[in-house]
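**Student:** Using my numbering, read the sequence shown as starting at 34 and increasing by one per residue. What follows is a single structure, and I will ask about it in a moment.
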Amino acid sequence: MSLIPQEFIQELLGRTNIVEVVGRSVQLKKAGTNHKGLCPFHSEKSPSFTVSSSKQFYHCFGCGAHGTAIGFLMDHLGLTFPDAVRELASQAGMTVPEAPQDPQQAQHVREQRSLKQSLQDVLEQANRFYRDQLRDSKRAVSYLKGRGLSGPIAGHFGLGYAPDDWQGLARVFPNYEANPLVQAGLVVARDDQGETIEPGALEGHAVTRRYDRLRDRITFPIRNTQGELIGFGGRILDQGEPKYLNSPETLLFHKSEELYGLFEGRAAIQRQGYALVVEGYLDVIALAQHGVGNAVATLGTACTAEHVKKLFRHCGQIVFSFDGDTAGQKAAVRALEAALPALGDERSVKFLFLPPEHDPDTFVREHGADAFEREVGRAQPLSVFLLDTLGSGLTMSTAEGRAQAIARARPLLALLPDSALKSQILGEFAKRVEMPLAELRPALALPERHAGTGKATRQENERRPERRSSMATQRASRLAGLRTDHAQTAMRILLAQPELWSTLSSSQHELLMQDGSSTQALASWLEAQLDAYPDLSASALWEGLRLAGLLDQVQSMGAADGLDAEPASVQQDLMGALRWVELERIRQRQEELSRDGLIDEASRAEFRSLLSRRRELG
């Protein structure tokens, strides 16, 4: 994370008008004290995207997107945190400071920054060379035309041609021995044993042979979401292996995180409301030529959780398109596993299997974009594909087959976050395996309280204490779970409305500071922040959480749900949550004293005091 000081973030957000920042990308209209518009993160016809100038937050009630001006630049424009801060600072006429570093660390940062710039420079030079070579190669141009690609679409994606020459790049790089050519992945280096030296491991190795990585191939520039060139893909023109060849892992390029075509298709993805994930570069380009511009492709690797997270920052739905053969089915299952942890009630994933004789490239060329969009409309929802996968190849009419399906489901359903979607899938799966849901949960090793939201179970426990187990160990376990829920409710409110922290008593602070759950660390962090910055705004606090590496945890708790509420409207909820935290703490302590037998006057006096306080709380 950036070394930009928290004080600067607070001042920057205080001098930034989020309405102006968002308004450059979204058409906003005044709606009471806020501004509204169509959400840029998912497709909608009625505006549910709200921007608050007073709180300096945006929030979409449709897809749940939310954040500050910094977060908007990161999620909408694909900027990194430091780049988003620098962009806002330049608009506000401010200079971004950097936190103090020790000299060695500062030198390392400077060297890495300089190396990255050097690598990007050589990649851009190579790209110009490849594009020039394409114009001069009738064979390469003929190949692209044979694939149905036009000159404008080839130009839009920056296609080129790497000549059939072992050291073709020597024409543009007179110093062909320069290390950045290897470090950028353009040139392969081998040692005296003939072993390949990885781009990041040149130091200490003697290079005896160098040659171009891409030869006699169509080149596909790979750009990150900021549009920076980070690597290349290459497709062989004739028969041969490998058919596709990508840049190796470098300082700039990490194939498990990057997606081909995301930079070019970002606007179309936001406009269409979904991203289409296909298997190849030419699928992406052919679809774009026919007006389907929201396609991306993985880069020679299976879809990863990082890919899914990146796509969900741009839209609320992902459609995976795979071949209908065995390899396509296996790729779909890997994509399913990568997608499960990121799913929720506002996000969806579908699977499109085209007829066996087609891939997206051939299908859209033969049948057109409208027919392809109809196929997308018939894509399988993840829930259907998951349930079909769990029973695939099994005899579900037998007890053995159903037991095997449950065994398959155990690791997959454990990846799925608690949500209404998970509850629905569990209900459908229970029907397929002919097992009552109450019995299926322990068979899947799923805690009972994680079903759905768990709200009904908690309310029943709160209203009917007489139904709780008489066994002290079971009571203590349940109370520990309840305490975490109520403490998290309080923390969700406080993190969205930090001004309420000062309205709490010291004893209420202690309830959260010594809770013993995940809220303890958050409460301690919040107190430290407010001690240092008493007037800390919610938006500055939000970015402080990002700097501290706590933002994902807070978002998973649902703290963003309270960003649009007024402090007065949630204060009663806050006090109610803290009352339950204290009641549960008292009950637990009374049980501890009872187990010890109240053997002395001090323990009996403490028990009576706790009983009195419990009565006060009701």
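From the three backbone atoms N, C-alpha and C, an ideal C-beta is built for every residue, glycine too. All values derive from a computational prediction rather than experimental measurement.
Could you please give me the residues that DSSP links to alanine 328 through a beta bridge?
**Tutor:** Along the sequence shown, read from residue 1 onward, the residue named residue 328 stands at position 295. Alanine 328 pairs with Leu309.
**Student:** How would you label arginine 500, buried or exposed, when you count the other beta carbons within 10 angstroms and need 16 or more for buried?
**Tutor:** The residue given as residue 500 occupies position 467 in the sequence shown. With a pLDDT of 29 at arginine 500, under the threshold of 50, the modelled position of that residue is not reliable, and the figure given next carries that caveat. Burial call: exposed.
**Student:** Tell me the DSSP secondary structure of lysine 719 in three-state form.
**Tutor:** With the chain represented from 34 up to 651, any question about residue 719 goes unanswered, as that position is not in the structure.
**Student:** Can you give the beta carbon distance from valine 382 to valine 325, rounded, assuming they're within the 8 Å contact cut?
**Tutor:** Position 349 of the sequence shown, counted from the first residue, corresponds to residue 382. Position 292 of the sequence shown, counted from the first residue, corresponds to residue 325. About 18 Å separates the two Cβ atoms, so there is no contact after all.
**Student:** Cα separation between glutamate 144 and glutamine 137?
**Tutor:** On the sequence shown, position 111 is the one that residue 144 refers to. On the sequence shown, position 104 is the one that residue 137 refers to. Their Cα atoms are separated by approximately 11 Å.
**Student:** Could you name each continuous alpha helix (DSSP H) segment of 4 residues or more that falls completely within the segment 253 to 280, going from the start of the chain to the end?
**Tutor:** Runs found: none.
**Student:** Could you check if histidine 141 is buried or exposed, using at least 16 other CB atoms within 10 Å of its CB as the buried criterion?
**Tutor:** Taking the first residue of the sequence shown as 1, we reach residue 141 at position 108. That one is exposed.
**Student:** Just grab the DSSP bridge partners of serine 381 for me.
**Tutor:** Residue 381 sits at position 348 when you count from the first residue of the sequence shown. Bridge partners of serine 381: Gln350.
**Student:** So the candidates are Thr283, Ala308, Ser289; which of them puts its Cα closest to the Cα of leucine 295?
**Tutor:** The residue labelled residue 295 in the question sits at position 262 within the sequence shown. Considering only alpha carbons, the answer is Ala308.
**Student:** What's the call for glutamate 408, buried or exposed, on a 16-neighbour Cβ count within 10 Å?
**Tutor:** Position 375 of the sequence shown, counted from the start, is the residue given in the question as residue 408. So glutamate 408 ends up on the buried side.
**Student:** Spatial neighbours of glycine 424 within its chain, please: C-beta separation below 6 Å, excluding the five flanking residues on both sides.
**Tutor:** Within the sequence shown, the letter at position 391 stands for residue 424. These residues qualify, in order along the chain: Ala438.
**Student:** Specify the secondary structure class of asparagine 50 as computed by DSSP and reduced to three states.
**Tutor:** Counting from one through the sequence shown, the residue named residue 50 turns up at place 17. If DSSP states are grouped into helix, strand and coil, asparagine 50 belongs with coil.
**Student:** Applying the 10 Å Cβ sphere with the 16-neighbour rule, what's the burial state of alanine 360?
**Tutor:** Translated into the one-based positions of the sequence shown, residue 360 becomes position 327. Its Cβ having fewer than 16 others within 10 Å, alanine 360 is exposed.
**Student:** For a quick check, are the C-beta atoms of glutamine 158 and valine 205 less than 8 Å apart?
**Tutor:** Locating residue 158 in the sequence shown gives position 125, counting from the first residue. Locating residue 205 in the sequence shown gives position 172, counting from the first residue. Against a cut-off of 8 Å, the Cβ pair of valine 205 and glutamine 158 comes out as a contact.
**Student:** Mind checking whether valine 240 and isoleucine 230 have CB atoms under 8 Å apart?
**Tutor:** For the purposes of this step, residue 240 is identified with residue 207 of the sequence shown, where counting begins at 1. For the purposes of this step, residue 230 is identified with residue 197 of the sequence shown, where counting begins at 1. Going by C-beta atoms, valine 240 is nearer than 8 Å to isoleucine 230.
**Student:** By the three-class DSSP mapping on this structure, what secondary structure does aspartate 245 have?
**Tutor:** To locate residue 245, count along the sequence shown from 1; it is residue 212. Note: aspartate 245 maps to strand in three-state DSSP.
**Student:** In the structure shown, what three-state DSSP assignment does glutamine 413 receive?
**Tutor:** Sequence index remark: in the sequence shown, residue 413 carries index 380 (1-based). Residue state, collapsed to three classes: strand.
**Student:** Tell me whether the beta-carbon of glycine 70 lies closer than 8 Å to the beta-carbon of glutamine 60.
**Tutor:** For this step, residue 70 is matched to residue 37 along the sequence shown. For this step, residue 60 is matched to residue 27 along the sequence shown. It is a contact, given that the beta carbons lie within the stated cut-off.
**Student:** Look up arginine 656 in the DSSP assignment and say whether it is helix, strand or coil.
**Tutor:** Nothing about residue 656 can be reported from this structure: the residues present for the chain run from 34 to 651 only.
**Student:** Would you call the CB atoms of leucine 616 and arginine 647 closer than 8 Å?
**Tutor:** Translated into positions along the sequence shown, residue 616 becomes position 583. Translated into positions along the sequence shown, residue 647 becomes position 614. In this structure, arginine 647 lies closer than 8 Å to leucine 616 by Cβ.
**Student:** Does DSSP put alanine 509 in a helix, in a strand, or in coil?
**Tutor:** To locate residue 509, count along the sequence shown from 1; it is residue 476. Per-residue confidence for alanine 509 stands at a pLDDT of 36, beneath the threshold of 50, marking its modelled position as unreliable; the derived number appears in the next sentence. Three-state DSSP puts alanine 509 in a helix.
**Student:** Using a threshold of 8 Å, state whether the C-beta atoms of aspartate 392 and aspartate 316 are closer than that.
**Tutor:** Walking along the sequence shown from the start, residue 392 turns up at place 359. Walking along the sequence shown from the start, residue 316 turns up at place 283. Result yes, Cβ atoms of aspartate 392 and aspartate 316 sit closer than 8 Å.
**Student:** Looking at C-beta atoms only, is the number of pairs between the segment 297 to 313 and the segment 321 to 340 that lie closer than 8 Å three or more?
**Tutor:** Contact between the segment 297 to 313 and the segment 321 to 340 is present, because at least three Cβ pairs lie under 8 Å.
**Student:** Give the list of continuous alpha helix (DSSP H) stretches no shorter than 4 residues that lie fully inside the segment 127 to 181.
**Tutor:** Correct list: 136 to 169, 171 to 179.
**Student:** Do you know how far the Cα of leucine 278 is from the Cα of arginine 172?
**Tutor:** Here residue 172 refers to the residue found at position 139 of the sequence shown. Here residue 278 refers to the residue found at position 245 of the sequence shown. Approximately 19 Å, taken between the alpha carbons.
**Student:** How should leucine 369 be labelled, buried or exposed, when 16 other C-beta atoms within 10 angstroms of its C-beta is the threshold for buried?
**Tutor:** Locating residue 369 in the sequence shown gives position 336, counting from the first residue. Buried.
**Student:** Glycine 193 bridges to which residues according to DSSP?
**Tutor:** Taking the first residue of the sequence shown as position 1, residue 193 is located at position 160. According to DSSP, which records beta bridges pairwise, glycine 193 is partnered with Thr252.
**Student:** Pull up the distance between the alpha-carbon of leucine 121 and that of aspartate 271, whole angstroms please.
**Tutor:** For the purposes of this step, residue 121 is taken as residue 88 along the sequence shown, with counting starting at 1. For the purposes of this step, residue 271 is taken as residue 238 along the sequence shown, with counting starting at 1. In a straight line, the C-alpha of leucine 121 is about 49 Å away from that of aspartate 271.
**Student:** Who are isoleucine 230's beta bridge partners in DSSP?
**Tutor:** Taking the first residue of the sequence shown as position 1, residue 230 is located at position 197. The partner list for isoleucine 230 (beta bridge, DSSP) reads Ala222.
**Student:** Can the beta-carbon of aspartate 249 be found closer than 8 Å to that of alanine 195?
**Tutor:** The count along the sequence shown starts at 1 and reaches residue 249 at position 216. The count along the sequence shown starts at 1 and reaches residue 195 at position 162. Yes; because the gap between Cβ atoms is below 8 Å, this pair is in contact.
**Student:** By alpha-carbon positions, which one of Gly349, Pro567, Leu419 ends up nearest to valine 366?
**Tutor:** The residue given as residue 366 occupies position 333 in the sequence shown. Among Gly349, Pro567, Leu419, the Cα nearest to that of valine 366 belongs to Leu419.
**Student:** According to the Cβ coordinates, are arginine 579 and phenylalanine 90 closer than 8 Å?
**Tutor:** Taking the first residue of the sequence shown as position 1, residue 579 is located at position 546. Taking the first residue of the sequence shown as position 1, residue 90 is located at position 57. In this structure, phenylalanine 90 does not lie closer than 8 Å to arginine 579 by Cβ.
**Student:** Which residue comes first and which comes last in the beta strand (DSSP E) that contains lysine 63?
**Tutor:** For the purposes of this step, residue 63 is identified with residue 30 of the sequence shown, where counting begins at 1. From DSSP, the beta strand (DSSP E) with lysine 63 extends over 62 to 64.
**Student:** With histidine 92 as the anchor, note down where its beta strand (DSSP E) starts and where it stops.
**Tutor:** Taking the sequence shown and counting its residues from 1, one reaches residue 92 at position 59. 90 to 93 is the extent of the beta strand (DSSP E) around histidine 92.
**Student:** Do the segment 176 to 188 and the segment 207 to 220 touch if we need at least three Cβ pairs shorter than 8 Å?
**Tutor:** No, because fewer than three Cβ pairs between the segment 176 to 188 and the segment 207 to 220 fall closer than 8 Å, the two stretches do not touch.
**Student:** What three-state label does DSSP hand asparagine 67 in the structure shown?
**Tutor:** Mapped onto the sequence shown, residue 67 falls at position 34. The answer is strand: DSSP assigns asparagine 67 an E or B state.
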